[in-house]
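Residue numbers (the numbering used here): 702 to 1135.
Data first, discussion second: the structure below is written as C-alpha cells.
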C-alpha cells in the first residue's frame, strides 16, 4: 500500500515538474523588452504636444534619448505628476533645459493606489517627477536611460516601444530606432515601421523610423554573425573552441590551419562540417579574398548551418560582392534559391533586397542558361580564332613565305632527336654482351 502511494506521488511530481518546465520554456520563448512614453498621472490639464525619440541598440544594450513637449492648456498654475514606466531601466536621467529633475522610485502598488487607471501599462516599477506649469506654459522634458535586452531560448531579441495615444500633434512625433554594427539579415520582423525608409549607413548603422499612424514600434532580431561563431564554443571540443578564439582575435592564418587540422581529424560527431566550411569562407571574406570566398561558399550545404538564417547573411554578402554582375551560373542559381526562400518565409532581407532593386528571385532560368550559353559561345569563338591563326601560319608556309626559317628549324630538331636516340642506345647496351 505504501509502495503504491509512493509511486503515485512520484508520478504526480513528474507531471507537475513537466508542466512547470513547459510554462518556463514558453515564457522564455516570449521574452520581449517593452518601453513606454512618459505619462501625466494626475491631471488632464497638461497635454503632450510632440515628441522626438531616439532608441539606439548595440547588440543586447538599449540606449534611450527622448524629448517631450508638454503644454498647460489651463489659465492657472498646474502641478503635474509625470510618471516613467520602468522595466529594469538603468542610469535614468530626467531633465528640463539640461537641469536634472529629482525623480522618485515608486512601486506599482503606490501608483495604482494614488492614480488608478485602466490605461496604466504592466511594468515592474515607476519613476515620478513633480513639475509645476504656469498658465499656458510649454516645457521641454528630456528623458534618458539604458536597458539590457534579453534574448529567448532561440537567440532572438524582441523590442517593443509603446507610443502615447493622446498626442495633440501626432504628425510632429518622430521615433527612430538605430541598430549599430547591424545588417538587414539580422532582422526577423518589424512592427509599426516604415520599411521602405529603412537605411543602412556606411558605418553599418541600420535605421528604422516609426509609422506615425502606429502606436507600437518594434523589431525582432538575431545576432547571426555572433551565433555562427558561438556555435564553436557550444562544443566541448577544445579544437573547435580554438578556431572561434582565433577568429575573434582576427588571427586568420591560424583559423585556416586549425580548420584544416580539424577536417583531417574531426573529434565532435555532433558538429557539422558545414560550419567549418563557413568559417573558412568568412575568413576569406574578412581578408577581402572574394574569389576564394565564393569558391568556399559554392561548396557549402547552407541548410546545415547554424543558425539556420545564416544563409541569408551569405545571400547579403554575395550581393554586396558581385553587385548584380556575375556570369557564374551556379552562384546565380544559389542566390535565386536563397532569395526565393527569404520571400516565401516572409523574411525582412527578402523585402529589403526587393526595395533596393536587387531581386534575384526574378531571375529566370532562361537567363541563367543564356549566361552559360554565352560563355560556351565565347569559348567556341576563341577556339575558332586560334584555329584561324594556325591556319594563317600554315598558309604562309605553303606560300613559301617562311620556307627558309622552317627548313632550318626542322633540320635542327631532327639532328637533336637523332643524336639523343644514339646516346640513349649506347647508354643502355647490356654489359653481358662484352
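C-beta: ideal position from N, C-alpha, C; glycine also.
Given a cut-off of 8 Å on the beta-carbon distance, is the pair residue 765 and residue 736 in contact? Residue mapping note: residue 765 aligns to position 64 of the chain shown, counting from 1. Residue mapping note: residue 736 aligns to position 35 of the chain shown, counting from 1. Contact: yes.
Taking the alpha carbon of residue 929 as the reference point, which residue from 977, 960, 1056 and 1034 has its own alpha carbon closest? Taking the first residue of the chain shown as position 1, residue 929 is located at position 228. Answer by Cα proximity: 977.
Roughly how many whole angstroms lie between the Cα atoms of residue 909 and residue 816? Taking the first residue of the chain shown as 1, we reach residue 909 at position 208. Taking the first residue of the chain shown as 1, we reach residue 816 at position 115. Going by the C-alpha atoms only, they are around 34 Å apart.
Roughly how many angstroms lie between the CA atoms of residue 806 and residue 828, to the nearest whole one? Position 105 of the chain shown holds residue 806. Position 127 of the chain shown holds residue 828. Approximately 5 Å, taken between the alpha carbons.
DSSP state of residue 887 mapped onto helix, strand, coil: Residue mapping note: residue 887 aligns to position 186 of the chain shown, counting from 1. Here residue 887 sits in helix by DSSP.
Here's a check: name, in chain order, each residue in its chain whose Cβ is nearer than 8 Å to the Cβ of residue 813, leaving out the five neighbours to either side. As a working mapping, residue 813 is identified with position 112 in the chain shown. So the list reads 821, once near-sequence residues are dropped.
Check the C-beta distance from residue 917 over to residue 893 and give it rounded, since I have them as a contact under 8 Å. The residue you call residue 917 lines up with position 216 of the chain shown. The residue you call residue 893 lines up with position 192 of the chain shown. Indeed they touch by this definition, with Cβ atoms about 5 Å apart.
In this structure, how does DSSP classify residue 995 when only helix, strand and coil are distinguished? Taking the first residue of the chain shown as 1, we reach residue 995 at position 294. Looking at residue 995 - three-state DSSP - the assignment turns out to be helix.
Status (buried if at least 16 other CB within 10 Å, exposed otherwise) for residue 781: As a working note, residue 781 is residue 80 in the chain shown. By the neighbour-count rule (16 or more Cβ atoms within 10 Å), residue 781 is buried.
Indicate the three-state DSSP secondary structure (helix, strand or coil) for residue 804 in the structure shown. On the chain shown, residue 804 is found 103 positions in, with the first residue counted as 1. Coil.
I'd like to check one pair, residue 1064 with residue 1032: are the Cβ atoms closer than 8 Å? Taking the chain shown and counting its residues from 1, the one referred to as residue 1032 is at position 331. Taking the chain shown and counting its residues from 1, the one referred to as residue 1064 is at position 363. It is not a contact, given that the beta carbons lie outside the stated cut-off.
Would you kindly check if the distance between the Cβ of residue 986 and the Cβ of residue 1138 is under 8 Å? Outside the shown range of the chain (702 to 1135) lies residue 1138, about which nothing can therefore be said.
Are the Cβ atoms of residue 1050 and residue 1013 separated by less than 8 Å? Residue mapping note: residue 1050 aligns to position 349 of the chain shown, counting from 1. Residue mapping note: residue 1013 aligns to position 312 of the chain shown, counting from 1. For residue 1050 and residue 1013, yes; Cβs fall inside 8 Å.
Same chain, Cβ closer than 6 Å to residue 748, five either side skipped, listed in chain order: Residue mapping note: residue 748 aligns to position 47 of the chain shown, counting from 1. Counting only Cβ-Cβ distances below 6 Å, and skipping sequence neighbours, we find 772, 774 and 869.
Could you check if residue 914 is buried or exposed, using at least 16 other CB atoms within 10 Å of its CB as the buried criterion? Within the chain shown, the letter at position 213 stands for residue 914. Exposed is the call here.
Collapsed DSSP secondary structure at residue 949 in the structure displayed: To locate residue 949, count along the chain shown from 1; it is residue 248. Helix.
Can you look up residue 815 in the DSSP assignment and give me helix, strand or coil? Locating residue 815 in the chain shown gives position 114, counting from the first residue. If DSSP states are grouped into helix, strand and coil, residue 815 belongs with the helices.
How far does the alpha helix (DSSP H) with residue 1058 in it reach, from first residue to last? Taking the chain shown and counting its residues from 1, one reaches residue 1058 at position 357. Run containing residue 1058: none; DSSP gives neither H nor E here.
Which one of 738, 744 and 963 has the shortest CA to CA distance from residue 751? Translated into positions along the chain shown, residue 751 becomes position 50. Answer by Cα proximity: 738.
Could you spell out the range, first to last residue, of the beta strand (DSSP E) harbouring residue 823? Numbered from 1 along the chain shown, position 122 holds the residue referred to as residue 823. From DSSP, residue 823 is part of no beta strand (DSSP E); its letter is neither H nor E.
Look at the alpha carbon of residue 927 and the alpha carbon of residue 936, and state the distance between them as a whole number of angstroms. Taking the chain shown and counting its residues from 1, the one referred to as residue 927 is at position 226. Taking the chain shown and counting its residues from 1, the one referred to as residue 936 is at position 235. Straight-line Cα distance between these residues: approximately 15 Å.
Quick check on the burial criterion: 16 or more other C-beta atoms within 10 angstroms. Buried or exposed for residue 934? Taking the chain shown and counting its residues from 1, one reaches residue 934 at position 233. Under this definition residue 934 is an exposed residue.
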